[in-house]
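Q:
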Amino acid sequence: MDFALTEEQTAIFDMAHSFGQENIAPFARQWEGDGTIPKTLWPEIGALGFGGLYVSEDGGGSGLGRLDATLVFEALSMACPSVAAFLSIHNMCAKMLDSFGDEALKARVMPKVLTLETVLSYCLTEPGSGSDAAALRTRAERTSDGYTLNGTKAFISGGGYSDAYVVMVRTGENGAKGVSTVYVEDGTDGLSFGAPEDKMGWRSQPTTQVQFDDCKIPAGNLVGTEGDGFKYAMKGLDGGRLNISACSLGAAQTALNLTLQYMGERKAFGKSIDQFQGLQFRLADMEIELQAARTFLRQAAWKLDTGAPDATKFCAMAKKFVTETGSKVVDQCLQLHGGYGYLADYGIEKLVRDLRVHQILEGTNEIMRVIVARHLLANR
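Next up, the structure:
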């Protein structure tokens with residue numbers, strides 16, 4: 075068993091890391107204050123091939139595996155996990171369109187999706203359905219020439235900002251089998267947005283409710299087959315869970331790197347604080363935990379790439395373990411900075427805030443435990 079990255083994978087990581095450090099990290103605090111990410115950034119990222127990371131090469135994408143993609147998100151989140159996570163959402167949507175959209179829809183929308191001229195948002199969660207996603211109520215009624223949508227989506231990253239929305243809607247009976255997926259372009263009549271949410275973290279991502287009031291879309295904007303939308307949404311989430319884990323991992327690595335540097339410079343009782351054995355133990359524990367998280371994440375990504383029957387269980391386990399490890403590490407890094415860690419100038423408190431939501435989205439960590447337990451019980 076070879077745990078080493080290939081030369082190509084190392085190059086992918088290095089390219090993403092270099093881009094992030096040059097084009098994202100210096101501006102991350104400014105964008106957080108502005109509450110938005112400049113739209114001009116996305117075509118630059120698209121030029122790297124990151125607008126369709128695991129869209130097939132035949133479809134114009136990069137055709138990377140899930141393991142390769144985690145390297146991109148780990149590297150970019152070392153600059154800013156909020157920006158990296160938003161790119162993950164776009165890529166989850168792009169993969170759904172590539173995998174399940176018909177040829178006419180793909181020909182119409184995918185060229186600009188891949189270049190990130192069209193930025194995508196994922197609309198599943200509603201005010202009354204979070205973990206119980208199959209209970210969604212946003213409805214799409216068939217008309218003579220398409221669908222009319224009515225309902226509200228909640229906590230949507232890119233609400234009022236993105237260029238199009240991949241939306242899970244109810245077209246049939248209650249439950250998962252009555253859910254379909256549709257594509258709604260910005261500017262469509264009947265599409266509107268709530269006020270921007272005032273969030274703890276991910277503050278550079280505009281987040282709003284997305285509202286549909288007799289919002290009419292053509293029949294060609296149905297993604298795949300009616301009634302299969304929930305299945306599409308869940309397939310997207312396995313990869314999304316790996317990506318958000320990678321974002322936790324990269325941000326925690328940055329926090330540890332900053333802490334190592336700070337501890338070498340900060341003096342107390344006549345010597346730098348990295349010379350106190352008790353604090354060295356904390357550094358060692360964080361390194362051990364991050365290395366374990368990285369190995370677990372890459373194993374789960376490998377299982378998803380190879381179609382292993384227990385891939386969903388491993389994605390859930392990795393998501394729970396890695397996101398909790400990331401939050402634990404950044405919190406410890408803040409503690410080791412003392413009062414300075416609480417100041418924005420040192421870059422740690424932002425990471426504490428940004429990473430907290432990773433235990434909630436892409437399926438809460440409680441739901442990850444449910445998934446794991448169900449697999450265990452089904453295979454005893």
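Last residue of the sequence shown: 454 (this note's numbering), numbering continuous. Glycine included, every Cβ here is placed at the ideal spot set by N, Cα and C.
For K290, which of helix, strand or coil comes out of DSSP?
A: The answer is strand: DSSP assigns K290 an E or B state.
Q: What does a CB cutoff of less than 7 Å around G421 pick up in its chain, not counting 5 residues either side in sequence?
A: Here the set comprises L332.
Q: Straight-line CA distance for A228 to E339?
A: Cα to Cα, A228 sits roughly 45 Å from E339.
Q: Could you give the first and the last residue of the continuous beta strand (DSSP E) run that contains R213?
A: That run of the beta strand (DSSP E) goes R213 to T217.
Q: Report whether the distance from the Cβ of L417 to the nearest heavy atom of the ligand HEM is below 8 Å.
A: For the structure depicted, the ligand HEM is absent and the ligand set is empty, with no information on it obtainable.
Q: At a cut of 8 Å, does the stretch 142 to 156 reach the stretch 314 to 326 through at least three beta carbon pairs?
A: Yes, the stretch 142 to 156 is in contact with the stretch 314 to 326.
Q: Classify G314: buried if its beta carbon has 16 or more other beta carbons within 10 angstroms, exposed otherwise.
A: By the neighbour-count rule (16 or more Cβ atoms within 10 Å), G314 is buried.
Q: I111 and V146: beta carbons closer than 9 Å?
A: No, they are not a contact pair.
Q: Let's test the definition: count the other Cβ atoms within 10 Å of the Cβ of K113 and tell me whether it reaches 16, buried, or not, exposed.
A: Exposed, since its Cβ has fewer than 16 Cβ neighbours within 10 Å.
Q: According to DSSP, is Q285 helix, strand or coil?
A: Correct three-state label for Q285: strand.
Q: Going by DSSP in three states, S162 sits in which element: helix, strand or coil?
A: S162: helix per DSSP, three-state reduction.
Q: Using the beta-carbon count (16 or more within 10 Å), is T144 buried or exposed?
A: So T144 counts as buried.
Q: CA-CA distance, A358 and Q351?
A: When rounded, the distance between both Cα atoms is 10 Å.
Q: S173 and K309: beta carbons closer than 9 Å?
A: Contact: yes.
Q: Going by DSSP in three states, Y128 sits in which element: helix, strand or coil?
A: Here Y128 sits in coil by DSSP.
Q: Can you tell me the Cβ-Cβ gap for V193 and G126, rounded? I've got them flagged as a contact below 8 Å.
A: Not quite, the Cβ-Cβ distance comes to about 12 Å (not below 8 Å), so this is no contact.
Q: In this structure, how does DSSP classify A228 when only helix, strand and coil are distinguished?
A: Correct three-state label for A228: strand.
Q: So, do the stretch 266 to 277 and the stretch 194 to 203 have three or more beta carbon pairs nearer to each other than 8 Å?
A: Touching, no, given that fewer than three Cβ pairs across the two stretches are closer than 8 Å.
Q: Taking C154 as part of the beta strand (DSSP E), name the residues at either end of that continuous run.
A: No beta strand (DSSP E) contains C154, which DSSP labels as neither H nor E.
Q: When the distance is taken between beta carbons, is E215 closer than 9 Å to Y239?
A: Against a cut-off of 9 Å, the Cβ pair of E215 and Y239 comes out as no contact.
Q: Contact check, T226 vs T212 under 8 Å by CB: the rounded distance?
A: Contact flag correct, Cβ pair sits at about 7 Å.
Q: Less than 7 Å between C-beta atoms, sequence neighbours within five positions excluded: which residues of the same chain meet that for F124?
A: Taken in chain order, the residues that qualify are V146 and L161.
Q: Roughly how many angstroms separate the alpha carbons of E436 and W276, rounded to a whole number?
A: Cα to Cα, E436 sits roughly 15 Å from W276.
Q: Does DSSP put S426 in a helix, in a strand, or in coil?
A: The sequence given here has Val at residue 426, not Ser. Correct three-state label for V426: helix.
Q: With a CB to CB cut of under 6 Å and the five nearest residues on each side skipped, what residues in its chain are close to T386?
A: Closer than 6 Å at the Cβ level, and outside the excluded window around T386, lie D312.
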